[in-house]
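Residue numbers (the working numbering), protein chains in the order written: chain A, 18 to 299; chain B, 3 to 316.
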């Protein structure tokens, strides 16, 4: 079955990876060495199509094969909700440094990794992300631009996102934004900078109302507050299961935009607060 | 052999691999690199095929065809040739591939047997080494090395095949290891057959010593050949040689290099000086009948004379 494009040595890896992915993601009807889409210049070793994604698996001797950069760029430009996996043998002749570097690269590209042992047991090393959700590497490397109190929390949110839980990553950013805005309102209220509106200390007083109060009282610039409200409202919307691959694709693009928007807000928010002499607090 | 050739774009799906293709290893890493190369630079050389019952059979370019499949292209540029005879088909690939690329000896060896068979049918007698060499474009040295690989028991061929499927840098041992080992074992067998009761056991021991780095280098086997011919070459005791070879062929930490350095290196060193001295004397007699005129050479000869005097007077 698996012998046209690949060398025979990796057949047992392919078989084990197939079993692992089918169980883990409830996949069936594998398509072997065939096209995902006529416009995409890549035939994965095997792929499956379910209601939301195309799961494509490449078999290689290493976690980040030398052609993966090209494959990833090809799939990213293809406009399909594809999740790329690489299955590789545990006995792979890479040094620990080479292996580590490959895994880091795979993670930054959102590649899911499955390591196949000599007894043909598959272990998921990385969950991976659909290609449309992959965020630029610079996002991960530029933590210094955030307020120092935010850095470890943003790092966590990014880790959550790229570890295969993008919605949770977006939620973590949303919680940071909500918490900062609520603290800002409490401080402003305490300083007597606004007197109208509800009590921000009251957990039942909604985030939207707090933002409205802050805008009305001109506590900080309205544009950043508007973005905060928009972000939280969007976050609450992206939670329904898509009904088609096209809807899944749209949701993914939106989810990624939201995450990047959340990061931008958290970069700006402390600066805008500082302009009005408010100390940033989470 | 004559054939016409047309260049066309042909459907990738109508192409079949050639069962006679000697290439049996498609290393994953190399295929991945070819994917990048063709995707970024395009196909630089068309593949060669012949038409057979509505399909196209590859003569040259299986890796490129596989990469085109991988790249999800519908068509591939191909030179379409006339359908060759089975022998011409095989020889064509030898001449196209073997001369252009560094094939593994194992790869060639596995098909040389078939070349000999088909040539025998054509000629009516078994071809000579020279004929096989001329037809395949391989040197006689390569043919001899192939024969050595062919003669290996299946178990060792399989071990070699497994290694050759790996990327070069990851291979534990190569064809060179087996070729050097077999060549030295042939010398030992010719000179001291009593040291080899079961050659496969000896092979296993030597492989283990190589994997455990007791034998550090494949060329150490050339020292084993020198040990096996030391009685003839440097007059070393036969009985002693047998004991030493048996030590090398036993499971222990004793290496070929150690035995050679301890017992044979000086003798072979003396022999080398002896041979050089004889050549030197011959040159002196034949070249300088009218005496030495060149000043530099005179000075050098004086220096040699002084060194020899010192050595002889010690």
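A virtual CB, placed ideally from N, CA and C, is assigned to each residue, including glycine.
Open item on the list: Rounded to the nearest angstrom, what separates residue 192(B) and residue 265(B) at their Cα positions?
Closed with: Against the second chain, residue 192(B) aligns to sequence position 190. Against the second chain, residue 265(B) aligns to sequence position 263. Between residue 192(B) and residue 265(B), the C-alpha separation is close to 21 Å.
Open item on the list: For a cutoff of 8 Å on Cβ pairs, would you count residue 143(A) as touching chain B?
Closed with: Within the first chain, the letter at position 126 stands for residue 143(A). Answer no: the Cβ-Cβ gap between residue 143(A) and chain B never drops below 8 Å.
- [ ] Establish whether the CB of residue 57(A) and some CB of chain B are separated by less than 8 Å.
- [x] Here residue 57(A) is taken as the residue at index 40 of the first chain, counted from 1. It does; some Cβ of chain B falls within 8 Å.
Open item on the list: Starting from residue 130(B), trace the alpha helix (DSSP H) in both directions and tell me its first and last residue.
Closed with: Here residue 130(B) corresponds to residue number 128 of the second chain, with the count starting at 1. No alpha helix (DSSP H) holds residue 130(B); DSSP gives it neither H nor E.
Open item on the list: With H, G and I counted as helix, E and B as strand and the rest as coil, what does DSSP make of residue 242(B)?
Closed with: Numbered from its first residue, the second chain carries residue 242(B) at position 240. Residue 242(B) falls in the helix class under three-state DSSP.
- [ ] Could you tell me which of 169(B), 97(B), 124(B) sits nearest to residue 135(B), measuring between CA atoms?
- [x] The residue you call residue 135(B) lines up with position 133 of the second chain. Cα-wise, what sits closest to residue 135(B) is 97(B).
Open item on the list: Less than 8 Å between the beta carbons of residue 58(B) and residue 17(B), yes or no?
Closed with: On the second chain, residue 58(B) is found 56 positions in, with the first residue counted as 1. On the second chain, residue 17(B) is found 15 positions in, with the first residue counted as 1. The answer is yes: Cβ separation under 8 Å.
Open item on the list: Check whether the stretch 75 to 88 of chain A and the stretch 77 to 95 of chain B are in contact - that is, three or more C-beta pairs closer than 8 Å.
Closed with: no
TODO: On a CA-only basis, which of 109(B), 251(B), 14(B), 172(B) is nearest residue 145(B)? Give me that one, please.
DONE: Reading the second chain from its first residue, position 143 is the one you call residue 145(B). Of 109(B), 251(B), 14(B), 172(B), the residue nearest in Cα terms is 109(B).
Open item on the list: Could you compute how far the alpha carbon of residue 36(A) sits from the alpha carbon of residue 55(A)?
Closed with: Taking the first residue of the first chain as position 1, residue 36(A) is located at position 19. Taking the first residue of the first chain as position 1, residue 55(A) is located at position 38. C-alpha separation (whole angstroms): 27 Å.
Task: For residue 107(A) and residue 134(A), believed in contact at Cβ under 8 Å, the rounded distance - done: Walking along the first chain from the start, residue 134(A) turns up at place 117. Walking along the first chain from the start, residue 107(A) turns up at place 90. The pair is a contact, with the Cβ atoms about 5 Å apart (cut-off 8 Å).
Task: Contained alpha helix (DSSP H) runs [length at least 4] in the stretch 171 to 216 of chain A, N- to C-terminal order - done: 183 to 207
Open item on the list: I'd like to confirm something about residue 240(B): is its beta-carbon nearer than 7 Å to some heavy atom of the ligand NAD, or not?
Closed with: No copy of the ligand NAD appears in this structure; indeed no ligand is present at all.
Task: Where the alpha helix (DSSP H) through residue 92(B) begins and ends - done: Locating residue 92(B) in the second chain gives position 90, counting from the first residue. That run of the alpha helix (DSSP H) goes 88 to 95.
Task: Neighbourhood of residue 270(B) by C-beta distance below 7 Å, restricted to the same chain and skipping five residues each side - done: Here residue 270(B) refers to the residue found at position 268 when the second chain is read from its first residue. Correct list, in chain order: 228, 236.
Open item on the list: Give me the chain B residues within the contact set of residue 26(A), using Cβ-Cβ distance strictly less than 7 Å, ordered along the chain.
Closed with: Taking the first chain and counting its residues from 1, the one referred to as residue 26(A) is at position 9. Those are 167, listed as they occur along chain B.
Open item on the list: Just to confirm the assignment, what range does the beta strand (DSSP E) spanning residue 57(B) have?
Closed with: Locating residue 57(B) in the second chain gives position 55, counting from the first residue. 57 to 62 is the extent of the beta strand (DSSP E) around residue 57(B).
Open item on the list: On the DSSP letters alone, give me the boundaries of the beta strand (DSSP E) that residue 300(A) sits inside.
Closed with: This structure leaves residue 300(A) out entirely; chain A is present only between 18 and 299.
Task: Own chain partners of residue 128(B) with C-beta closer than 6 Å, once the 5 adjacent residues on each side are dropped - done: Taking the second chain and counting its residues from 1, one reaches residue 128(B) at position 126. If we look at residue 128(B) and ignore the five residues flanking it on each side, its Cβ neighbours are 122.
Task: Buried versus exposed call for residue 269(A) [16 or more other C-beta atoms within 10 Å across all chains shown] - done: As a first step, residue 269(A) must be located in the first chain, where it is residue number 252. Flag for residue 269(A) reads buried.
Task: Exposed unless 16 or more other CB atoms sit within 10 angstroms - verdict on residue 60(B) - done: As a working note, residue 60(B) is residue 58 in the second chain. Buried, since its Cβ has 16 or more Cβ neighbours within 10 Å.
Task: Proximal residues of chain B, C-beta to C-beta of residue 274(A) below 9 Å - done: Walking along the first chain from the start, residue 274(A) turns up at place 257. Within chain B, no residue comes near residue 274(A); the closest Cβ sits about 29 Å away, beyond 9 Å.
Open item on the list: Using beta carbons (cut-off 8 Å, strictly below), is residue 172(B) in contact with chain A?
Closed with: As a working mapping, residue 172(B) is identified with position 170 in the second chain. By this cut-off, residue 172(B) is an interface position.
Open item on the list: Less than 8 Å between the C-beta atoms of residue 273(A) and residue 152(A), yes or no?
Closed with: Locating residue 273(A) in the first chain gives position 256, where the first residue counts as 1. Locating residue 152(A) in the first chain gives position 135, where the first residue counts as 1. Cβ atoms of residue 273(A) and residue 152(A): closer than 8 Å.
Task: Opening and closing residue of the beta strand (DSSP E) in which residue 72(A) lies - done: Taking the first chain and counting its residues from 1, one reaches residue 72(A) at position 55. Run containing residue 72(A): 71 to 76, per the beta strand (DSSP E) assignment.
- [ ] Note down, in chain order, every chain A residue with its Cβ under 7 Å from the Cβ of residue 93(B).
- [x] Within the second chain, numbered from 1, the residue matching residue 93(B) stands at position 91. Chain A residues near residue 93(B): none, gap ~26 Å exceeds 7 Å.
Task: residue 350(A) classed as buried or exposed, judged by whether at least 16 other C-beta atoms fall within 10 angstroms - done: Outside the displayed range of chain A (18 to 299) lies residue 350(A), so it cannot be described from this structure.
Task: Against chain B: residues of the stretch 88 to 112 of chain A by CB proximity under 7 Å - done: 110
Open item on the list: Relative to the C-alpha of residue 209(B), which candidate in 174(B), 72(B), 224(B) has its C-alpha closest?
Closed with: Along the second chain, read from residue 1 onward, the residue named residue 209(B) stands at position 207. If we check each option's Cα against that of residue 209(B), 174(B) comes out closest.
Task: C-alpha gap between residue 273(B) and residue 88(B), whole angstroms - done: As a position in the second chain, residue 273(B) is number 271, starting the count at 1. As a position in the second chain, residue 88(B) is number 86, starting the count at 1. Their backbone Cα atoms lie some 53 Å apart in a straight line.
Open item on the list: Distance cutoff 8 Å, beta carbons only. Does residue 73(B) sit that close to anything in chain A?
Closed with: Within the second chain, numbered from 1, the residue matching residue 73(B) stands at position 71. With 8 Å as the cut-off, residue 73(B) counts as an interface residue toward chain A.
Open item on the list: Across the stretch 92 to 112 of chain A and the stretch 70 to 84 of chain B, are there enough close Cβ pairs to call them in contact, namely three or more that are closer than 8 Å?
Closed with: no
Task: Runs of beta strand (DSSP E) lying entirely within the stretch 244 to 281 of chain B, each at least 3 residues, in chain order - done: none
- [ ] Using a Cβ cut-off of 7 Å, pull out every chain B residue sitting near residue 67(A), in sequence order please.
- [x] Taking the first chain and counting its residues from 1, one reaches residue 67(A) at position 50. Near residue 67(A) there are no residues of chain B at all, since even the closest Cβ is about 21 Å away, more than 7 Å.
Open item on the list: So if DSSP puts residue 132(A) in a beta bridge, which residue, or which two residues, is it bridged to?
Closed with: Numbered from 1 along the first chain, position 115 holds the residue referred to as residue 132(A). Its beta-bridge partners are 105(A), 140(A).
TODO: Inspect the CB distances between the stretch 233 to 253 of chain B and the stretch 180 to 194 of chain B and report whether three or more fall short of 8 Å.
DONE: yes
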